[in-house]
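Q: Okay, handing you the structure first.
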Amino acid sequence: MTFRKKIISIVLLSVFANCTKIPTDEDLMGLLGIQVTDGYTTPKVLFVNPGNDSRSVPTSSSIVIDFTKPMDKMAMESAVQLSAPGGNTSYTPSWVFDTRLILDFGEGLTKGKRYELTLNASASKDKDGNRLSKNFISSFYTEGAESTPSVVSSDPPPSDQIQLGWPLNKNLMVQFSEPMDPVTTNSAVGIEGATALYSPVWNSDFTVLTLQLKGPLTLGATYRLRVNPTAKSKLGIGIGKEYLVAFGTGSNLEVPTISADVVLGTPWTSLTPEPYLNTLNGVSKFDKFRFNFSTPMKTKNISGEIRFNPSIAGNFTWLSDRILEFSPSSLLESGRTYRLSIGRDFTSASGISLDQSYSVDFTVDDILTSTAIVPSQVNGRAYDSSCILGSAIDQTIPIPPNLNVAYPILPTYAVLCTIQYEMELLFNTAGASRLKISGDGSVFSAISIDYVSGPVASATIQQIDYIPTANPQRVRVKLSGLLAGARFLFKIKGGTSGLKDGNENTLANDLEFLFYGN
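For what it's worth, the UniProt record's numbering labels the leading residue of the sequence shown as 1, then goes sequentially.
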């Protein structure tokens with residue numbers, strides 16, 4: 001509103017104070033007897049060519065817009081918005097008498113397109129500074145748009161559901177409403193899903209495309225016949241929208257299921273899906289894990305679909321399209337419980353995903369390979385004055401020993417005897433595995449004797465005899481340097497650095513007891 005109009009409006013406020021109608025500029029000016037001139041009128045679009053919703057517009061056409069008033073050229077050119085997806089929208093503006101705007105297209109309009117012209121009211125302006133009252137919108141169609149190509153039929157035919165039972169050796173067909181460009185259409189039409197080898201073959205007028213199979217389709221697989229919008233007619237017009245048909249070569253669509261098992265340990269029972277937590281025992285520390293699928297699967301690298309906690313390093317290998325195997329790169333830990341998580345991110349060759357996930361807590365405690373070394377008894381035998389080992393048991397140390405008690409023994413103190421006493425240690429191992437006799441965890445390095453109190457003495461281990469047998473494993477430790485009243489600590493070291501069997505199972509804890517000679 002100009003300064004003069006503001007003054008007039010203020011002066012006349014009292015006149016309209018009791019009126020329910022809000023006065024317009026024209027009301028105010030008329031009350032004063034002043035004629036409304038062009039300087040106060042809103043500009044309008046008087047005429048546009050091509051007209052709104054025009055059809056078959058030649059591609060050589062220009063767009064002409066006539067206004068009711070002289071317009072601000074720069075403002076109006078910035079107010080023009082022209083759209084035609086995939087079409088040419090580059091133009092040169094020109095004016096006639098400031099009331100006619102002409103948009104010339106040096107490269108012409110694009111055939112078969114819908115153009116939409118918008119004049120943005122907020123950006124518009126006439127020479128008096130007035131704007132269009134609202135956005136102006138008009139659209140038209142260039143020649144060829146009325147013959148936009150489309151898919152009129154196909155084999156398999158369109159359907160809202162997957163069509164089953166498609167023959168393995170039957171070719172596929174797509175029929176178009178217009179002669180098509182073979183180059184763009186060949187690349188736009190395809191068979192997706194499982195493997196399919198084919199060649200595109202056209203009829204004489206390029207309206208029917210046959211996908212001629214080079215080999216049979218996969219039995220029980222799901223496929224999709226797809227025509228992308230990039231397919232164009234001979235006139236260069238795209239089909240506008242995607243065409244998709246799903247079909248299968250099987251008589252039904254089987255949702256794949258999975259079962260898991262171990263190779264060496266106790267066979268696993270069928271798993272119950274989450275949220276149930278399956279609990280299983282009897283896994284061997286040497287085990288591998290196998291995952292068996294009910295249908296052929298799309299093989300892929302495994303990256304999180306199957307997880308172990310604590311983490312287990314190893315490798316996944318597809319033994320076939322139905323069997324996946326995991327091989328740990330190091331031994332599992334005896335007595336430990338791991339959690340196995342199986343996700344749903346597996347897809348069958350038919351394109352159907354698992355619909356269940358599973359969680360399994362399994363314990364490495366196979367009785368033949370993967371249980372800890374368990375002490376069962378400690379027996380003491382004395383030598384007589386002739387240095388001959390007695391047959392009777394002198395002392396039996398309970399398992400576990402009481403470290404608050406020193407157990408009395410009756411060793412020989414004959415001067416001529418180099419060996420005074422024998423401790424016989426009995427152990428049970430997984431599968432009667434032999435104790436290690438060399439290297440880390442050897443039975444010969446795991447046993448020790450130390451002076452504790454009483455008369456000073458230097459007890460020593462003179463000899464350790466171990467002859468592997470069926471359980472219990474028997475280890476005989478021959479002692480010397482014992483002195484009446486002197487107390488000693490007898491120890492068999494346990495844990496990861498202690499006594500081990502041939503399967504690397506350990507004695508869980510140190511076995512210790514106190515004894516003294518009477």
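By construction, the Cβ of each residue, glycine as well, lies at the ideal position given by its N, Cα and C atoms.
#1: Does the Cβ of S453 lie closer than 7 Å to at least one heavy atom of the ligand HEM?
#2: For E422, count neighbouring Cβ atoms within 10 angstroms of its own Cβ and tell me buried if that reaches 16, exposed if not.
#3: Mapping DSSP to helix, strand and coil, what is T42?
#4: Is N49 helix, strand or coil by DSSP?
#5: Terminal residues of the continuous beta strand (DSSP E) containing F326?
#6: Using alpha carbons as the reference points, say which of I237, T230 and S122 lies closest to K111.
#7: In whole angstroms, what separates the C-alpha of V45 from that of V80?
#8: Going by beta-carbon coordinates alone, are Q175 and S147 separated by less than 8 Å?
#9: Excluding the five sequence neighbours on either side, which residues of its own chain have a C-beta within less than 8 Å of the C-beta of A313, listed in chain order?
#10: Whether or not the region 257-271 and the region 384-395 are in contact is what I'm after, with contact meaning three or more pairs of Cβ atoms, one per stretch, closer than 8 Å; do they touch?
#11: Taking the continuous alpha helix (DSSP H) assigned at M76, which residues delimit it?
#12: Suppose you measure from the CA of K300 to the CA of D366; what does that come to, to the nearest Å?
#13: Any idea if N503 is buried or exposed, counting beta-carbon neighbours within 10 angstroms, 16 or more meaning buried?
#14: What residue from S78, G86, P85 and P256 has the CA that sits closest to S94's CA?
#15: With P210 and A246 assumed to form a contact (beta carbons below 8 Å), what rounded beta-carbon distance in angstroms separates them?
#16: Any idea if K134 is buried or exposed, counting beta-carbon neighbours within 10 angstroms, 16 or more meaning buried?
#17: For R4, which of helix, strand or coil comes out of DSSP?
#18: Are the beta-carbon atoms belonging to L340 and F362 less than 8 Å from one another?
#19: Cα-Cα, which of Y451, E242, Q212 and L103 is closest to L117?
#20: In the structure shown, what three-state DSSP assignment does N379 receive?
#21: Would you tell me roughly how many angstroms separate the C-alpha atoms of L28 and S90, rounded to the nearest one?
#22: Tell me the rounded alpha-carbon separation between E333 and T506.
#23: Does the region 407-418 come close enough to the region 376-383 to have 3 or more Cβ pairs within less than 8 Å?
#24: Could you compute how far the alpha carbon of Y358 sits from the alpha carbon of I342?
#25: Who are the near neighbours of K288 in its chain, counting only those whose CB is closer than 8 Å to its CB and skipping five residues on each side?
#26: To the nearest angstrom, report how far apart D501 and S433 are at their CA atoms.
#27: Consult DSSP for S445 and reduce its assignment to one of helix, strand or coil.
#28: For Q462 and I323, I'd like the C-alpha separation in whole angstroms.
#29: For K125, which option in K73, R474, T269 and S442 has the closest C-alpha, if you only look at C-alpha atoms?
#30: What first and last residue would you give for the alpha helix (DSSP H) that runs through V415?
#31: How is the beta strand (DSSP E) around T460 delimited, first residue to last?
#32: Can you name, in chain order, every residue of its own chain whose Cβ lies under 6 Å from the Cβ of Q377, other than the five neighbours on each side?
#33: Strictly by DSSP, which residues pair up with N309?
A: Put simply:
#1: In terms of ligand content, the structure shown is empty, and the ligand HEM therefore cannot be addressed.
#2: buried
#3: coil
#4: strand
#5: I323 to P328
#6: I237
#7: 13 Å
#8: no
#9: P328, S329 and S330
#10: no
#11: K73 to A79
#12: 31 Å
#13: buried
#14: S78
#15: Going by the sequence as given, residue 210 is Thr instead of Pro. Between A246 and T210 the Cβ distance is about 19 Å, and since that is not below 8 Å, they are no contact.
#16: exposed
#17: Here the model assigns R4 a pLDDT of 45, short of 50, so the residue's position is not dependable, and the following value carries that caveat. Correct three-state label for R4: helix.
#18: yes
#19: L103
#20: strand
#21: Model confidence at L28 stands at a pLDDT of 47, short of 50, so the residue's coordinates are unreliable; what they give is reported in the following sentence. If you take the alpha carbons of L28 and S90, they lie about 45 Å apart.
#22: 10 Å
#23: yes
#24: 5 Å
#25: V262, V263, L264, E325, F326, S327 and P328
#26: 6 Å
#27: helix
#28: 56 Å
#29: K73
#30: Looking at the DSSP string, V415 is not in any alpha helix (DSSP H), and its letter there is neither H nor E.
#31: T460 to Y466
#32: L426
#33: R339
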